[in-house]
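Heads up: the sequence lines are chains G and R, in that order. The numbers in my numbering rise by one with no breaks, and the one at position 34 of the first sequence is 34. The numbers in my numbering rise by one with no breaks, and the one at position 63 of the second sequence is 1063.
Protein chains: 2
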Amino acid sequence: MDKVENTEVKILRAASQIFHQKGFNGSRMQEIADLAGINKALLHYYFRNKETLFEEVFAKTFSQIISKMKEIFLSDLPLQSKVKVFVDFYLNFILEHSYIIQFLINAIREKPESLKEIIQQHNLTPELFLEKIGQQLKEEMNLDIDPLHIYVNIIALTIFPVAAKPLLQAILSYSDEKMRLFFEERKNIVPTFIENALKGYEKKQILF
Amino acid sequence: MDKVENTEVKILRAASQIFHQKGFNGSRMQEIADLAGINKALLHYYFRNKETLFEEVFAKTFSQIISKMKEIFLSDLPLQSKVKVFVDFYLNFILEHSYIIQFLINAIREKPESLKEIIQQHNLTPELFLEKIGQQLKEEMNLDIDPLHIYVNIIALTIFPVAAKPLLQAILSYSDEKMRLFFEERKNIVPTFIENALKGYEKKQILF
DNA sequence: GTCTATATCGGGATAGAC
DNA sequence: GTCTATCCCGATATAGAC
């Protein structure tokens, strides 16, 4: 029983790693089996086929990323602290799991049908997020603006440079160490940038 | 001679479309041939193999995206106008060519070796961009800050939501029309957000 | 549950006629 | 330059022994 658990877990861990790096089409069942220390046939014993295995990995990965977002943004911290915590956590997390964002973005593009279902099942109710942020914008900063775009901006500023890292690095001809520094800097720059932008609205009180 | 041109052009157009949508591994030579209205053998006559064809498409696509960026950011418009023009142009362009950004980001991940070369050959000299923006920040807004992060922020705010559009749409359960409106809104929201952020620095004159 | 061996097929690439 | 026919490998999937 314990060994069964372990094999399944080993497979999922291996599959995650390979799928994250190479996507569905780029990944080989053989490679996943090798990494898990088993053989191909056993993959099909635990998961009917490649698709099933992939969907399992997607669901796990999606939930991993989203649950932490939920936790941070639904917490009772003041908005600016949330931003700080969010940026800090996701820059660390995504840099460690460097392909996870591209994986998610690509996955839904490659197989919209099946994956949309998985996302719906997750019962995200983004209204909750948005309402909470909207409230905080109003109460803490006296801003009566649409929280959706603010929310998207926070995520874009944090996540995009990580997703585009290899491209950015090639364009800038930066060393790995220079890139590391670049992202270290962003941990301060992004929250400051957002804070300034919001304060700008405060002063002008221009509605969207 | 003209017919030769035409066939090559037809192939490249078809290949672009397929590769943009499905990436290297997801694309079939057969599909490209069909779309171009020729047969597989002819693909190999014009381009040695799939890799060559892909690299050709990548180079063309990369240059397409970058050349317009150069044009906008090296122009003599005031900074705020540049941002406005940039956001407007790229939101339209990328939404029409909706897979182009994911294509570029993925491509360099899938085949870093060969594509890095292509990027280098392009002779981008990003220093030029950065210097120009740095100057304008100083002269127009009296800000003495690192232009790289500002630059990255502008791109991130513009491009990330488009790249993540299918994911975003699935999470928000938005209709196509609602998504269209969302991006229409961003044409104003992003420049305003950036302007506010920069004005924030101006007031505080806090250096990075 | 885990393995080896094999069926089956799809897709990139080439040979060779026209 | 363009086509048809074919080669051949690699990858998913399954059969069947242990």
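Quick reminder that beta carbons are idealized off the backbone N, C-alpha and C, glycines included. Keep in mind that this is a model prediction, so the values were computed, not measured.
- P191 of chain G sits in a helix when the DSSP states are folded into three classes.
- With its beta carbon less than 9 Å from one in chain R, N106 of chain G belongs to the interface.
- Q121 of chain G has a beta carbon lying at 9 Å or more from every beta carbon in chain R.
- For V1152 of chain R, the C-beta contacts it makes with chain G under 7 Å involve P161, in order along the chain.
- Assignment of T52 of chain G by DSSP, reduced to helix, strand and coil, places it in the helix class.
- Using a CB distance below 8 Å, the part of the stretch 70-103 of chain G facing chain R consists of Y99, Q102, ordered along the chain.
- Setting aside the 5 residues that flank it on each side, N1142 of chain R is surrounded in the same chain by E1202, each with a C-beta closer than 7 Å to its C-beta; the list follows chain order.
- Interface criterion met: the Cβ of R186 of chain G is under 9 Å from a Cβ in chain R.
- Using a Cβ distance threshold of 9 Å, I1118 of chain R and F1047 of chain R do not count as a contacting pair.
- Of the other Cβ atoms in all chains shown, fewer than 16 fall within 10 Å of the Cβ of L1128 of chain R; this residue is therefore exposed.
- Just measuring C-alpha positions, the residue of G:S173, G:S16, G:F103, G:E185 sitting nearest L53 of chain G is G:S16.
- Taking all protein chains shown into account, N1123 of chain R has fewer than 16 neighbouring C-beta atoms within 10 Å of its C-beta and is therefore exposed.
- Using a Cβ-Cβ cut-off of 9 Å, N142 of chain G does not count as an interface residue toward chain R, since no Cβ of chain R sits closer than that to its own.
- In this structure the stretch 1148-1166 of chain R lies against the stretch 1090-1102 of chain R, because at least three pairs of beta carbons, one per stretch, are closer than 8 Å.
- At a C-beta separation below 8 Å, N1196 of chain R has these neighbours in chain G: N196, A197, L198, K199, G200, Y201, K204.
- Assignment of P1126 of chain R by DSSP, reduced to helix, strand and coil, places it in the helix class.
- Proximity of N25 of chain G to chain R, defined by a Cβ-Cβ separation below 9 Å, is satisfied.
- Fewer than three beta-carbon pairs drawn from the stretch 1165-1180 of chain R and the stretch 162-181 of chain G are found closer than 8 Å, and the two stretches are therefore not classed as touching.
- By the neighbour-count criterion, in which 16 or more other beta carbons inside 10 Å mark a residue as buried, T192 of chain G falls on the buried side.
- The criterion of a C-beta distance shorter than 9 Å is not satisfied by I38 of chain G and R28 of chain G.
- Rounded to the nearest angstrom, the gap between the Cα atoms of I1194 of chain R and E1031 of chain R is 43 Å.
- Flagged as an interface residue toward chain R: V190 of chain G, by a C-beta distance shorter than 9 Å.
- Taking a beta-carbon distance threshold of 9 Å, S1067 of chain R does not count as an interface residue toward chain G.
- Residue state for L181 of chain G is assigned as helix, using DSSP reduced to three classes.
- Counting C-beta atoms within 10 angstroms of its own C-beta, L137 of chain G has 16 or more neighbours from the protein chains shown and is therefore classed as buried.
- Within its own chain, the residues whose Cβ lies closer than 7 Å to the Cβ of I101 of chain G, once the five positions on either side in sequence are excluded, are I94, I159, V162, A163, listed in chain order.
- Residues of chain G with a Cβ closer than 8 Å to the Cβ of P1147 of chain R do not exist, since the nearest Cβ in that chain sits about 12 Å away.
- By the rule that beta-carbons nearer than 9 Å mark a contact, K116 of chain G touches chain R.
- For the 9 Å CB-CB criterion, S1114 of chain R and E1071 of chain R do not form a contact.
- For the stretch 1046-1062 of chain R, no residue has a beta-carbon sitting nearer than 8 Å to a beta-carbon of chain G.
- In the structure shown, the three-state DSSP call for N1142 of chain R is coil.
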